Each structure stands twice: as structure tokens, then as C-alpha cells.
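>
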Amino acid sequence: MEERHFGPVRFLPGPNNGKYPYCHSVFIEGAGILIDPSSDRQRLEALRDTHDVNAVWLSHWHEDHFMHLDLFDDVPLAMHAADASFLENMETFLDGYGIEDTDTREAWKPLLEEIFHFRPRQPDMLLEEKEGLSIGDVTVDILHTPGHTPGHLCVFFHEPEVLFLADYDLTAFGPWYGDRLSSIAETEASVRRLQGLPARVWLTCHETGVFEAAPPPLWDCYLDVIRRRRADLLALLAKPRSMSDIVDAWIVYKRPREPLAFYRHAEQSLMEKHLEELMTAGRVVQEGRRYRRT
4 MEERHFGPVR FLPGPNNGKY PYCHSVFIEG AGILIDPSSD RQRLEALRDT HDVNAVWLSH
64 WHEDHFMHLD LFDDVPLAMH AADASFLENM ETFLDGYGIE DTDTREAWKP LLEEIFHFRP
124 RQPDMLLEEK EGLSIGDVTV DILHTPGHTP GHLCVFFHEP EVLFLADYDL TAFGPWYGDR
184 LSSIAETEAS VRRLQGLPAR VWLTCHETGV FEAAPPPLWD CYLDVIRRRR ADLLALLAKP
244 RSMSDIVDAW IVYKRPREPL AFYRHAEQSL MEKHLEELMT AGRVVQEGRR YRRT
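Take 4 as the starting number for the sequence shown in this note's numbering and just add one per residue.
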């Protein structure tokens, strides 16, 4: 995958097609703004060493978007206020994922330090919804698009008609909404909002990365993953099931994966969101430690 330019907007591809634990980055030339520094570390070091980076923006607080933030300790950091607290320390970070098991929390900590170079950090500037912001040679809209995280941000670049979707990545896996403060309804609303913007190029943080055509079926397929997960869970709950039973069905990840504790937590987190949604709608009830559809 190669770097691409769209006016002053430069797409910086991450290793392995930007698959986790990496992501693609975006650099706004002229303004010197780097968004989500988790692409190629050597490329980002070179960018830093030419003194081109004046600020770092984070689309949200997840580790695969700040992996190389440590290269820019002396550069101002900006993000949305709703996500800022998760970077205060490791404990608040792990709380954000809803990780309660002590062993799992302890297993995460060396990974955060060694792979993601985690350092406690607070933003120097808070980003919020704003239209028509002039930065360098381009006009941007900062879009607050919650759901994936409460402070998730996207950016629309007017002159090149480029829309940076961040982690609404249009992949076959579908959306992630498994954090403690994630929301299925907000995810769906944010994706539909983004679909309606008059872009010609769409940039995402993972996998394909650059879309120069995003027809309606692509957006619909992305959101349809949510519907399928919901339908599969309802089918499973034709009989009462415990949470362990639900996780063992692997509705999201389809099969056990390694590291198992990581993926079991992720599977459970997403299923808990669907259970919450379905119980609120009266379509599922909880009886003791088991769930069944009504």
C-alpha cells in the first residue's frame, strides 16, 4: 500500500494494511497536523525529524490509534473531551474497555507499554463539532460521531472533498461498539450521517484505507453486520442461555482466537451491548443468570 495525496491531505498507510494493532494515519500538509499516529514508525520518525508536525489529533482513545504517540511528546495533542480521560493512566484506560478481571488487566499492562508505548497523556486542546475551520490550505469540518467511542471524531476536508472516517472503516467485520460507553444506536446514527456527506474520497484507519467510490451497498453492508449479530443472538436465545453459552457461540468472531482471554472479552462486550438493547426493547428477558427471547 502506497502513500496517497489528495490536495494537502496525505494518506500514510500502516503496516499489514493497517490491520490491528496498526492503523493508517493522515497528515495535513501546511498545517502540520498528524491524525492517529499508528502507521509506520520509521515514516512517522522521519516526519517528526523534518519538524513538519505541529499538532497531533486523535480520532479517539483506542490503543491502535496512539501506538507511536510517544514520538511526539513535545507536540500539542488534541482530541474530544469525552475520550480524554481514558489516557490519564492505565487504570482509566482499562476501565474504558470494561475490563474487570484482575488477571486480564495485568496481562494488558505490559502490552500497552511494550507494543503501544502507552504513556499517560492529557490533551493540550479539546476538539469539538465545528464547521468551516480553516487550517493551512484547507477548510475542514470536525464531526463528532459517537458510538464507536463517546468522543469519536471524523473530519471532512472541503476542497479535496475527502472524508476521514477513522474507525467507521467499512470493513466486512463491521462496527465495534463494545466499550463501556459505546452505543449501538449512536453507531448507526453516526454512520448514516457520514454516508450523507458530499465526499468523493473516503479514508479509513484500517484495511482498504482509501475508497474512491463508496456506493450505498458498501455502507448498508457495514451496518447490516449489526442486524445479523442481533438476529443470530435472538436465534440462539430460543432456549435460555448463560453469558458463557452466548460467548461460546462466537457470533461476532465466528471461532475462538488467540489470545483467547482478549477475544472472549471482546465477544462478551459486544454481546452485552446487544442484550442491553434487546432487553430494553422487551425482546429478551433475564431469568437468574440466563437470557431468553420473549
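Just so it is clear, CB atoms sit at the ideal spot from N, CA and C, and this is done for glycine as well.
Note that this is a predicted model, so its numbers are computed, not measured.
Confirm, please, whether the CB-CB distance from Ala-87 to Pro-126 is below 7 angstroms.
In contact: Pro-126 and Ala-87 (Cβ atoms closer than 7 angstroms).
> For Ala-175, tell me which candidate among Met-93, Asp-39 and Val-228 has the shortest Cα-Cα distance.
For Ala-175, the nearest C-alpha among the options comes from Val-228.
> Which residues does DSSP list as the beta-bridge partners of Lys-133?
Ile-145.
> Under 7 angstroms between the Cβ atoms of Leu-130 and Ile-145?
Taking 7 angstroms as the Cβ cut-off, Leu-130 and Ile-145 qualify as a contacting pair.
> Check each candidate in Thr-211, Leu-74, Asp-223 and Pro-18 and name the one with the smallest Cα separation from Leu-197.
Closest by alpha carbon: Asp-223.
> Name the DSSP beta bridge partners of Phe-69, please?
None; Phe-69 has no bridge partner.
> Flag this pair as yes or no: are the beta carbons of Val-56 and Gly-35 separated by less than 7 angstroms?
Taking 7 angstroms as the Cβ cut-off, Val-56 and Gly-35 qualify as a contacting pair.
> Taking Glu-270 as part of the alpha helix (DSSP H), name the residues at either end of that continuous run.
First-last of the alpha helix (DSSP H) with Glu-270: 263-283.
> Identify, in the order they occur along the chain, each residue of the same chain with its Cβ nearer than 7 angstroms to the Cβ of Thr-297, setting aside the five sequence neighbours on each side.
Once the five neighbours on either side are set aside, the close Cβ partners of Thr-297 are Gly-285, Arg-286, Val-287 and Val-288.
> Which of the three DSSP states, helix, strand or coil, is assigned to Arg-293?
In the structure shown, Arg-293 sits in a strand (DSSP, three-state: E or B).
> Once the 5 residues before and after His-147 are set aside, which same chain residues still bring their CB inside 8 angstroms of it?
Counting only Cβ-Cβ distances below 8 angstroms, and skipping sequence neighbours, we find His-83, Glu-131, Glu-132, Gly-154, His-155 and Leu-156.
> Which residue marks the beginning of the beta strand (DSSP E) containing Trp-205, and which one marks its end?
Run containing Trp-205: 204-207, per the beta strand (DSSP E) assignment.
> How would you call Ile-254, buried or exposed, if buried means at least 16 neighbouring beta carbons within 10 angstroms?
Its Cβ being crowded by 16 or more others within 10 Å, Ile-254 is buried.
> Between Ser-42 and Leu-15, which are expected to be in contact by the criterion C-beta below 8 angstroms, what is the C-beta distance as a whole number of angstroms?
Ser-42 to Leu-15, Cβ: 5 angstroms. Contact.
> Using only CA atoms, which one of Thr-152, Gly-199 and Gly-177 lies nearest to Ser-186?
Nearest C-alpha to Ser-186: Thr-152.
> In chain order, what residues of the same chain lie with their CB nearer than 8 angstroms to the CB of Arg-295, ignoring the 5 residues before and after it?
Answer for Arg-295: Leu-240, Ala-241, Lys-242, Pro-243, Arg-244, Val-287 and Val-288, listed in chain order.
> With distances taken between CB atoms, is the gap from Gly-162 to Gly-291 smaller than 7 angstroms?
Here residue 162 turns out to be Glu, not Gly, going by the sequence shown. Contact: no.
> Does the Cβ of Gly-135 have 16 or more other Cβ atoms within 10 Å, making it buried, or fewer, making it exposed?
Label assigned to Gly-135: exposed.
> Is there a Cβ of chain B sitting closer than 7 angstroms to that of Gly-21, yes or no?
Absence of chain B from the displayed structure is noted, only one protein chain being present.
> Nearest to Asp-67 by alpha carbon, out of Leu-237, Glu-261 and Ile-38?
Closest by alpha carbon: Ile-38.
> Quick one: grab the DSSP three-state call for Trp-222.
Three-state DSSP puts Trp-222 in a helix.
> What are the start and end residues of the alpha helix (DSSP H) that includes Trp-60?
No alpha helix (DSSP H) holds Trp-60; the beta strand (DSSP E) holding it covers 58-60.
> Quick one: residues in its chain with C-beta nearer than 6 angstroms to the C-beta of Glu-215, no 5 flanking neighbours on either side, listed in chain order?
Taken in chain order, the residues that qualify are Val-204.
> Starting from the Cα of Leu-278, find the closest Cα among Glu-261, Thr-142 and Arg-232 and give me that residue.
For the residues Glu-261, Thr-142 and Arg-232, the minimum Cα distance to Leu-278 belongs to Arg-232.
> Identify which residue in Val-12, Thr-283 and Leu-184 has its Cα closest to the Cα of Val-141.
Ranking the options by Cα distance to Val-141, first place goes to Val-12.
> In whole angstroms, give me the CA-to-CA distance for Ala-238 and Gln-271.
Between Ala-238 and Gln-271, the C-alpha separation is close to 17 angstroms.
> By DSSP, does Met-128 sit in helix, in strand, or in coil?
In this structure, Met-128 counts as strand in the three-state DSSP scheme.
> Would you mind stating whether Cys-26 and His-268 have Cβ atoms separated by less than 7 angstroms?
Cβ atoms of Cys-26 and His-268: not closer than 7 angstroms.
> When burial is assigned at 16 or more other CB atoms within 10 Å of the CB, is Ala-124 buried or exposed?
First, the residue type needs correcting, since residue 124 is Arg and not Ala in the sequence shown. By the 10 Å Cβ count, Arg-124 comes out buried.
> In terms of residue numbering, what span does the alpha helix (DSSP H) encompassing Arg-195 cover?
Counting along the chain, the alpha helix (DSSP H) containing Arg-195 begins and ends at 187-198.
> From which residue to which residue does the beta strand (DSSP E) around Leu-47 run?
Segment 44-52 is the alpha helix (DSSP H) holding Leu-47; no beta strand (DSSP E) there.
> Ordered along the chain, which non-local residues of its own chain (more than five positions away) have a Cβ less than 6 angstroms from that of Arg-51?
Answer for Arg-51: Leu-74, listed in chain order.
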